[in-house]
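Participant:
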Amino acid sequence: MYSKWQMAKKYMLYRWHASNSKGHGVHSPFVFNFITQVLNDKRFFYCYETIETAREQLKQDKTLLTIEDFGAGSRIHSHTQRTVKDIATSSLKPKKYSQLLFRMVNYFKPATILELGTSLGITTSYLACGKEDAQVITLEGANAVATIARQHFQSLRLKNIQVVTGNFDDTLPGTLAQLSSIDFAFIDGNHRLQPTLDYFNQLLPKVHEYSVLIFDDIHWSQEMEEAWNTIKAHEQVRLTIDLFFIGIVFFRKENKVKQDFTIRF
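The letter at position 223 of the sequence shown is residue 222 when you use numbering that gives the first Met the number 0, and the numbering goes up by one with no holes.
1. Starting from Val30, trace the beta strand (DSSP E) both ways and give me its first and last residue.
2. Short of 7 Å in beta carbon distance, which residues of its chain neighbour Ala226, apart from the five on each side in sequence? Order them along the chain.
3. Which same chain residues, not among the five before or five after Thr65, have their C-beta less than 8 Å away from its C-beta?
4. Give the secondary structure of Gln36 by DSSP, where H, G and I count as helix, E and B as strand, and everything else as coil.
5. If the criterion is Cβ atoms closer than 8 Å, does the pair Ile50 and Tyr125 meet it?
6. Look up Thr261 in the DSSP assignment and say whether it is helix, strand or coil.
7. Could you name the residues that DSSP lists as bridge partners for Gln80?
8. Got a sec, what are the start and stop residues for the alpha helix (DSSP H) Val104 sits in?
9. What does a CB cutoff of less than 6 Å around Lys9 pick up in its chain, not counting 5 residues either side in sequence?
10. First and last residue of the alpha helix (DSSP H) that includes Gly116?
11. Do you know offhand how far Gln5's Cα is from Glu48's?
12. Terminal residues of the continuous beta strand (DSSP E) containing Gln134?
13. What residues match up with Ile266 in a beta bridge as DSSP calls it?
14. Using the C-alpha atoms, what's the distance from Val25 back to Thr82?
15. In three-state terms, what does DSSP make of Gly246?
16. Does DSSP put Ile50 in a helix, a strand or coil?
17. Assign His207 to one of two classes, buried (16 or more other C-beta atoms within 10 Å of its C-beta) or exposed (fewer than that).
18. Per DSSP, Ser18 forms a beta bridge with which residues?
19. Per DSSP, Ile160 forms a beta bridge with which residues?
20. Tell me, please, which residues DSSP counts as bridged to Ile240.
21. Alpha carbon to alpha carbon, how far is Thr170 from Ile245?
22. Starting from Met223, trace the alpha helix (DSSP H) both ways and give me its first and last residue.
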């Protein structure tokens with residue numbers, strides 16, 4: 000994991016080199032439309048207020064949870080105790096990116112959505128609200144955290160979410176075996192090189208031309224940057240968009256030449 004100073008330096012370089020956030024000078028019609036209609040969509044959608052109210056409630060919740068830590072291996076490494084408040088404060092995806100996930104689902108209209116890393120369910124809720132008839136499957140390693148997320152989904156009356164608990168090494172293969180394809184996936188799991196590439200390689204047989212994969216924290220560490228560069232170079236990947244805190248992967252065959260964009264967001 001990079002230090003705060005290293006991250007700040009990398010973010011400044013990203014801002015300096017990234018393409019204009021308005022889409023000027025972007026020669027891909029698909030990417031231009033994505034910038035103007037999704038990234039820069041300033042509309043206030045119906046679910047924003049209710050989900051952000053839930054986020055604030057989680058940030059005040061002092062309930063103490065015992066959480067499994069799966070560490071580097073495939074078994075439980077240790078147990079830790081954390082409050083819901085601490086998890087909500089440190090681990091939840093910020094509103095800006097959570098609401099971007101909603102807009103992406105609303106724009107691309109995937110039928111099947113997979114999330115690796117439920118946490119307390121804020122991003123899951125945005126994914127589920129983006130297309131209420133979509134099938135949303137979210138994987139979470141910690142049972143106690145998944146329980147809080149389920150309570151949260153119930154209070155928001157979200158009925159299109161299936162929560163799968165357990166180590167991703169155990170639950171992901173079985174989950175994928177039940178699906179004919181993956182239209183949209185948000186990967187926010189083990190932020191290390193090999194696990195991230197393992198998730199990508201397991202998802203590949205289920206993707207199609209219009210699938211969208213989003214990887215979280217692609218510049219979080221040297222390992223994650225290496226994973227991101229490996230994913231970008233894969234022969235099936237036709238187009239990527241680097242928003243610094245997340246990386247977006249497309250497989251669209253209309254993109255005859257492989258393209259990688261870094262866009263200010």
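Glycine is no exception: its CB is placed at the ideal position from the N, C-alpha and C atoms.
Facilitator: A quick look at the data gives this:
1. According to the DSSP assignment, Val30 belongs to no beta strand (DSSP E) but to the alpha helix (DSSP H) extending over 28 to 33.
2. Excluding positions up to five away in sequence, the list reads Leu192, Thr195, Leu196.
3. The residues are His78, Thr79, Gln80, Ala143.
4. DSSP, read as helix, strand or coil, puts Gln36 in helix.
5. Result yes, Cβ atoms of Ile50 and Tyr125 sit closer than 8 Å.
6. DSSP places Thr261 in the strand class (E or B) of the three-state scheme.
7. DSSP, once it has assigned bridges, lists Thr65 as partnering Gln80.
8. Looking at the DSSP string, the run of the alpha helix (DSSP H) that includes Val104 is 94 to 107.
9. The beta carbon of Lys9 lies closer than 6 Å to those of His218 in the same chain, with the five residues before and after it left out.
10. Looking at the DSSP string, Gly116 is not in any alpha helix (DSSP H), and its letter there is neither H nor E.
11. Straight-line Cα distance between these residues: approximately 34 Å.
12. Bounds of the beta strand (DSSP E) holding Gln134 are 134 to 139.
13. Nothing about residue 266 can be reported from this structure: the residues present for the chain run from 0 to 264 only.
14. Rounded to the nearest whole angstrom, the CA to CA distance from Thr82 to Val25 is 45 Å.
15. In the three-state reduction of the DSSP assignment, Gly246 falls in the strand class, which pools E and B.
16. Ile50 falls in the helix class under three-state DSSP.
17. Exposed, since its Cβ has fewer than 16 Cβ neighbours within 10 Å.
18. The beta-bridge partner set that DSSP reports for Ser18 consists of Ile262.
19. BP columns for Ile160 point to Val135.
20. Listed as beta-bridge partners of Ile240 by DSSP are Ile247, Phe260.
21. Computed Cα separation, rounded: 24 Å.
22. Counting along the chain, Met223 sits inside the alpha helix (DSSP H) bounded by residues 221 to 232.
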